[in-house]
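Asks: Numbering (the numbering used here), first residue to last: 15 to 677.
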Amino acid sequence: MMMKLHIILGILFLGVNAKAQNAPILNDSTRRIEEVKVIAKAKKKIETEMKMAVSVDEFLASSDNISFIKRGAYAWEPLLNNMSTERSTITIDGMHVFGACTDKMDPVTSYVESNNLSTIDITSGQEGSMHGATVAGSIDLKRKSTPFGLEKTWSGGYQTGFETNNKQFFNLGNLSYSNDKLAADGSIALRKAGNYYDGNNDEVNHSQYNKFNASLGLAYKTSPLSSIRVDAIYDKAKDVGFPALPMDLWLSRAIITSAAYKQLFEKGMLRVWDTKLYFNAVEHYMDDTKRPENLVHMDMPGWSTTYGLVSRANLKRGHYSSEIQLNVYDNLSIAEMTMYPQDRSNKTMFAYTWPWVTTRFAGLSVNNSWDFSEMSRLNFGGSLGWNYNRSKYVEFNWIFYPGTPQEKNRILPALQASYQLHINQFDFSVGTGYGHRAPSVSEGYGYYIYNSFDRYDYIGNPDLKNEISYEANASAGFKNEKMGIEAKVNYFHLQNYIVGRILSLGSPMNYQSVGVKGYTSLDYSKLFNTAINANYDILQHLHWKGTVTYARAVDDKNGNLPFIRPLTYQTSLHFMHKKFGIQTSLHGDLAQENYSPEYGEDYTPAYKIWNISADYTFNFKNYRTMLQVGAENLFNEYYRTYADWGNIPRMGRNIFTSLKFNF
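See below:
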């Protein structure tokens, strides 16, 4: 084992050492300009051409390698490369945040809002290992950060709107301040929605939600090349219904804080050093008091607390550049389940579904880039991580796995490499990756976690092996002044693939359960993803875009894996002329025929949805103002997708309006 670790560390730092010893020292006068480029990237808007008032989930859904499991109208679970959230790393500005719900009804993406984010970085496979051990990749939600010394001292915006189907009313506001020494930005968001109606005009009960989100960031320039910054996000959701589940959310709260120091360097190989300390706490309270049909009532509160550090250094010399990142965090996850009879004054059962599980992680990641010429580039690197788990109440695990250790240490290595080639108007890339991930808290230590999709109670197994990924990817593209087309493909061979299998030991605890499953490892599984994206400028003001994606996944017995997207397509037209714009799109899935009855899936028919919107930009009292009106599911089609938990139908026709102005 030690020999393997030495080899991996040697590969990670080979490029740094070789290049640092041989390359001459260059006096580069553009170092600070390179940092400005990073700031410019962070100014991208979280919106789409079709709808400027999108939620974070709706914006992520516009990516061709992200799909969602939906249990209602709120807090969708993002699937990167058609893999569940256990296999991906989701961070906020590099900070690890963990939900407090055993049913995954509070993914990290539910604790931010579109108006306190600047952009979202999505990386596939082992390219995402910069933020920690992963298999599917990483999603990093980048928070807004106002630069110093802007021409306008004060700036901001306000957006309001209404959606008719679920009577959603929202208000989004943000304000920024900038001078040569001080920068600040803040945001506030309120959303309130009732039950939505499906394409048959039937009300989908328990689909309402109420959300409040606020953020504040303050930065101070301590010298011409250094600054400190503090950030905080507060998020609160109340009365959130989940129609696909037997219970709803009474209250969810999160506080996400950080303090960072950034130093730029004018000379030498080291260009940027950025270090951040962070703390976040999440609490999540599920109950079923509004579900009188339940024979037995349950309370399911959960808590998650995380302390962490992320430190990043950027190096550059000649044609070589590198990013080195240290990630350290400590997380405590607690979840309880209390059962009551109809008379809630009597308690019948109590258990820890997450028995006070501590997770500690420390990892060092390196990503190197070497430009051979203006046409070709080699990227290579990887990470090495240590993962530690401890269950305070290990006796819950001993019921099913007698004698299992209370503590578990794991080593999580990763390697990745890719080659990019640009020839005239053509771009090509090919890459590979290898990485490990540790089982999640639920997979390792969960106790009677009810899965309403297949109606089994799930039991964690602390002795699970690391899940190991072998990955290959490639892409090819062409682009000129009028059109562009790109095809991407990746393949994952996942060894020790973690799934739930029926246990002969134990009986279900939930009266709705049909049995008990324990997490176990298959020998392997195989996952294939492909996507084609194209665009064409039909006229000067008329533009077309199209996307086709397809995925296929099987286990070691050639059986279908669940929640794998069938062939999906989207085509859109966007017309712009002066202050007026109109967009229309058609998207849909083909029938899901490769479903998995073993995991609770059934056949899903094909569907197609037509959307349309129009916007007009004008000035009102020196404010740049935009008004948008549109309709989603214009023809009110009744449909559900392969990833709708419990076959809950999607929203029918929804007319939306939005008004936004900036100053």
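Where a beta carbon is used, it is the ideal one built from N, C-alpha and C, also for glycine. Remember, it's a predicted structure, so these values are computed and weren't measured experimentally.
Nearest by alpha-carbon distance to Ser-124: which of Ala-501, Ala-228, Gln-584 is it?
Replies: Ala-228
Asks: Is it right to say Thr-367 is buried, meaning 16 or more other beta carbons lie within 10 angstroms of its own, or is it exposed?
Replies: buried
Asks: CB-CB under 6 Å to Glu-63, same chain, minus the five flanking residues each way: which ones, in chain order?
Replies: Closer than 6 Å at Cβ, skipping near neighbours: His-588, Gln-597.
Asks: Distance cutoff 8 Å, beta carbons only. Does Asn-661 sit that close to anything in chain E?
Replies: The question asks about chain E, but that chain is absent: this structure has only one protein chain.
Asks: According to DSSP, is Gly-447 helix, strand or coil?
Replies: strand
Asks: Curious, which full-length beta strand (DSSP E) runs of at least 3 residues does the segment 367-402 contain?
Replies: For the segment 367-402, not a single whole beta strand (DSSP E) run of length 3 or above is found.
Asks: With C-beta atoms as the reference, is Leu-398 less than 8 Å away from Leu-340?
Replies: no
Asks: By the three-class DSSP mapping on this structure, what secondary structure does Asn-549 have?
Replies: strand
Asks: How far does the alpha helix (DSSP H) with Leu-74 in it reach, from first residue to last?
Replies: 70-75
Asks: Suppose you measure from the CA of Phe-73 to the CA of Thr-671; what does that come to, to the nearest Å?
Replies: 17 Å
Asks: Closest by CA to Glu-651, which one among Glu-607, His-601, Ala-431, Leu-259?
Replies: His-601
Asks: Helix, strand or coil for Arg-157 per DSSP?
Replies: strand
Asks: Go to Gly-170, then tell me how far its beta strand (DSSP E) extends in each direction, as first and last residue.
Replies: 168-177 is the extent of the beta strand (DSSP E) around Gly-170.
Asks: Just to confirm my understanding: we take Gly-491, look at its own chain, exclude 5 residues before and 5 after, and list those with CB closer than 6 Å. What are they?
Replies: Asp-441, Glu-500
Asks: What are the uninterrupted segments assigned as beta strand (DSSP E) that are 3 or more residues long and contained completely in the segment 85-127, given in chain order?
Replies: 91-94, 102-106
Asks: Name the one or two DSSP bridge partners that Met-300 has.
Replies: Leu-263, Met-314
Asks: To the nearest angstrom, how far is the alpha carbon of Ala-548 from that of Tyr-172?
Replies: 33 Å
Asks: What residue ranges within the segment 439-508 form continuous beta strand (DSSP E) runs of no fewer than 3 residues, ordered along the chain?
Replies: 440-451, 463-465, 470-473, 481-493
Asks: Hey, would you say Gly-678 sits closer than 8 Å to Gln-642, going by beta carbons?
Replies: Lying outside 15 to 677, the shown extent of the chain, residue 678 is not represented and no answer is given.
Asks: Take the Cβ of His-145 as the centre, count every other Cβ of all protein chains shown within 10 Å, and call the residue buried at 16 or more, exposed below.
Replies: buried
Asks: Suppose you measure from the CA of Asn-294 to the CA of Asn-411; what does that come to, to the nearest Å?
Replies: 27 Å
Asks: So, is Asp-658 buried or exposed, given that buried needs 16 or more other C-beta atoms within 10 angstroms?
Replies: Flag for Asp-658 reads buried.
Asks: The beta strand (DSSP E) that contains Phe-649, what's its start and end?
Replies: It is not in any beta strand (DSSP E) - Phe-649 carries neither H nor E in the DSSP assignment.
Asks: Please list the terminal residues of the continuous alpha helix (DSSP H) segment that includes Phe-410.
Replies: 409-412
Asks: Just to confirm, are Leu-648 and Arg-667 a CB contact at a threshold of 8 Å?
Replies: yes
Asks: Give the secondary structure of Pro-427 by DSSP, where H, G and I count as helix, E and B as strand, and everything else as coil.
Replies: strand
Asks: With 16 other CB atoms within 10 Å as the buried threshold, where does Ile-413 fall?
Replies: exposed
Asks: Whether or not the segment 149-160 and the segment 97-108 are in contact is what I'm after, with contact meaning three or more pairs of Cβ atoms, one per stretch, closer than 8 Å; do they touch?
Replies: Note that the segment 97-108 touches the segment 149-160; at least 3 beta-carbon pairs, one per stretch, sit closer than 8 Å.
Asks: Between the C-alpha atoms of Cys-115 and Asp-199, what's the straight-line distance to the nearest angstrom?
Replies: 30 Å
Asks: Output yes or no for whether 8 Å exceeds the beta carbon distance between Pro-355 and Thr-362.
Replies: yes
Asks: Flag this pair as touching only if the segment 341-354 and the segment 304-321 have three or more C-beta atom pairs under 8 Å; answer yes or no.
Replies: yes
Asks: Buried or exposed for Asn-381, please, with buried defined as at least 16 other CB atoms from any protein chain shown within 10 angstroms of its CB.
Replies: Classification of Asn-381: buried, given that the 10 Å Cβ count is 16 or more.
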